[in-house]
């Protein structure tokens, strides 16, 4: 059971990492075309979201690796 939770944490880490990269790509696209304050505000808000997604992805990756490595059959 512990190993299965570790694998799920690793999968969730991959999903969160992908979401963080997608959010960063969206920030670049917004920054390239927006010349208004609203566009820059949205980009700054998404930057905060991307940072939190990356942090959670890292946490789940480390915890998932620990669970998979320390699995005792």
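In our numbering, the protein residues as written are 169 to 241.
C-beta atoms are modelled at their ideal positions from N, C-alpha and C, and glycine is treated no differently.
The model shown is predicted, which means the values in this text are computed figures rather than measured ones.
Going along the chain, which residues of its own chain have a beta-carbon closer than 7 Å to the beta-carbon of residue i, five neighbours each way excluded?
i: residue 210; result: 198
i: residue 215; result: 195
i: residue 181; result: 225, 228, 229 and 232
Hey, out of the options, whose CA is closest to residue i's CA?
i: residue 188; options: 221, 169 and 178; result: 221
i: residue 228; options: 201, 174 and 190; result: 174
Take the Cβ of residue i as the centre, count every other Cβ of all protein chains shown within 10 Å, and call the residue buried at 16 or more, exposed below.
i: residue 177; result: buried
i: residue 218; result: buried
i: residue 190; result: exposed
i: residue 213; result: exposed
Return yes when the Cβ of residue j is within less than 8 Å of the Cβ of residue i, no when it is not.
i: residue 224; j: residue 179; result: no
Assuming residue i and residue j form a contact by the criterion Cβ under 8 Å, report the distance between their Cβ atoms to the nearest whole angstrom.
i: residue 236; j: residue 171; result: 6 Å
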